[in-house]
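**Q** Next up is a structure, given as structure tokens.
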Amino acid sequence: MSPHFLFNVLNNLQSVILLKDILTVNKYFTAFAKTLRQTLDFTRRDWITLDEEESYLKNYIILNELQFGDQFQIKMNGLQEIENKNNIYLPSMFLQPFIENAILHGLMPKITEPKTLDLNFTTFQKDTIDYLKIEIIDNGVGRKLQNHSKTETSHATDILKERLKIWNLEDNSKISFEIIDQVHNGNPTGTIVSILIKFT
77 MSPHFLFNVL NNLQSVILLK DILTVNKYFT AFAKTLRQTL DFTRRDWITL DEEESYLKNY
137 IILNELQFGD QFQIKMNGLQ EIENKNNIYL PSMFLQPFIE NAILHGLMPK ITEPKTLDLN
197 FTTFQKDTID YLKIEIIDNG VGRKLQNHSK TETSHATDIL KERLKIWNLE DNSKISFEII
257 DQVHNGNPTG TIVSILIKFT
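This note's numbering numbers the first residue of the sequence shown as 77 and each following residue consecutively.
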């Protein structure tokens, strides 16, 4: 999690204390406390349940709403239809960097509205193997127009690839992901991060 994100959240919490009602203050402080506690917990663990990931992302989204207001809309889809979320495991702190990247480098530089980020979760079975598929879809400026450095992007990608190597040592090809550039009439229209995880 970016230190800049935490710093900005703390600054915004100061404004909430001064300007908002007690219910709103409690909402954001609760989300911040839970997010910070879960982050510290998850960084000590290799795997977390999908149920834990759902809880983490809900609070993370609340904090982004605090920071960015109605500049963009984030939706989580499909989780309510998955019944065995306590029996499905995924790597800890794996989705958050993709989501943060989509917000900061995909959506924030976009000038026109609407700005959307969809987190889609589905499960399916193929050849008696159960899979969890996660899609992180933004309609931002696309990777070619993102203004962050190639070094930063390459470093983050290299770290994820190294983590994948370690996870997949336990079960060959347990986890895979690909990044898909969306294009319409030659113009970038966003990015899709597609993640596939075997859980049986």
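Glycine included, every Cβ here is placed at the ideal spot set by N, Cα and C.
1. Secondary structure at leucine 192, three-state DSSP: helix, strand or coil?
2. On the criterion of 16 or more Cβ atoms from any shown chain inside 10 Å, does lysine 191 qualify as buried, or is it exposed?
3. Taking 6 Å as the limit between beta carbons, can you name the residues of its chain near serine 225, skipping five residues before and five after?
4. Would you mind reading off the limits of the alpha helix (DSSP H) that contains lysine 103?
5. Taking DSSP as the reference, what is the three-state secondary structure of serine 225?
6. Quick one: grab the DSSP three-state call for isoleucine 124.
7. Measuring CB atoms only, is the segment 92 to 107 touching the segment 165 to 184, in the sense that at least three cross pairs come out at less than 8 Å?
8. Would you check if the distance between the CB atom of glutamate 130 and the CB atom of leucine 112 is smaller than 7 Å?
9. May I have the straight-line CA-CA distance separating threonine 115 from glycine 216, to the nearest angstrom?
10. Confirm, please, whether the CB-CB distance from isoleucine 256 to isoleucine 268 is below 7 Å.
11. Counting only beta-carbon separations shorter than 7 Å, does leucine 208 have a partner in chain C?
12. Would you kindly work out how many angstroms separate the C-alpha atoms of histidine 80 and tryptophan 123, rounded to a whole number?
13. Between the C-alpha atoms of asparagine 263 and aspartate 127, what's the straight-line distance to the nearest angstrom?
14. Note down the Cα distance separating glutamine 172 from isoleucine 213, rounded to an integer number of angstroms.
15. Closer than 8 Å is the cut-off here; do at least three beta carbon pairs connect the segment 141 to 151 with the segment 176 to 190?
**A** Well, looking at it:
1. Checking the sequence, you will find threonine at residue 192 rather than leucine. Strand at threonine 192.
2. buried
3. Because the pLDDT of serine 225 is 45, which lies under 50, any placement of that residue in the model is unreliable, and the number read from its coordinates should be weighed accordingly. Cβ within range, chain order: n/a, list empty.
4. 98 to 118
5. No answer about serine 225 holds up, because its pLDDT of 45 lies below 50 and its placement is not dependable.
6. strand
7. no
8. no
9. 27 Å
10. yes
11. Of the chains in the structure shown, none is chain C; there is only one protein chain.
12. 25 Å
13. 37 Å
14. 13 Å
15. yes
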